[in-house]
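Engineer: Numbering (my numbering), first residue to last: 123 to 195.
(1) Taking the alpha carbon of residue 174 as the point to measure from, which residue in 167, 186 and 165 has its own alpha carbon closest?
(2) Using C-beta distances below 7 angstroms, list every residue in its chain close to residue 178, excluding the 5 sequence neighbours before and after it, in chain order.
(3) Classify residue 160 as helix, strand or coil using the three-state DSSP reduction.
(4) I need the DSSP call for residue 188, collapsed to helix, strand or coil.
(5) Reducing DSSP to helix, strand and coil, say where residue 133 ends up.
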């Protein structure tokens with residue numbers, strides 16, 4: 123699965139062939155780095171939800187006391 127969904131578009135926005143090649147290399151390097159750390163697995167291993175209790179890396183939150191919860195990662 124592609125990490126950058128519009129990679130082709132971003133590469134094609136380069137003004138020269140050299141620029142497009144540099145963009146492609148930079149974006150593919152970024153994708154490889156993101157895949158290497160696997161954020162989905164890392165987030166999933168730190169979050170546990172049991173009924174209304176959210177456990178985050180050793181901290182416990184009762185979701186009944188919150189209107190909204192935002193997870194960024």
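By construction, the Cβ of each residue, glycine as well, lies at the ideal position given by its N, Cα and C atoms.
Structural biologist: Per the coordinate set shown:
(1) On the chain shown, residue 174 is found 52 positions in, with the first residue counted as 1. Among 167, 186 and 165, the Cα nearest to that of residue 174 belongs to 186.
(2) Reading the chain shown from its first residue, position 56 is the one you call residue 178. 168 and 169.
(3) As a working mapping, residue 160 is identified with position 38 in the chain shown. Coil.
(4) Taking the first residue of the chain shown as position 1, residue 188 is located at position 66. DSSP places residue 188 outside both helix and strand once states are collapsed to three, so it counts as coil.
(5) Translated into the one-based positions of the chain shown, residue 133 becomes position 11. Helix at residue 133.
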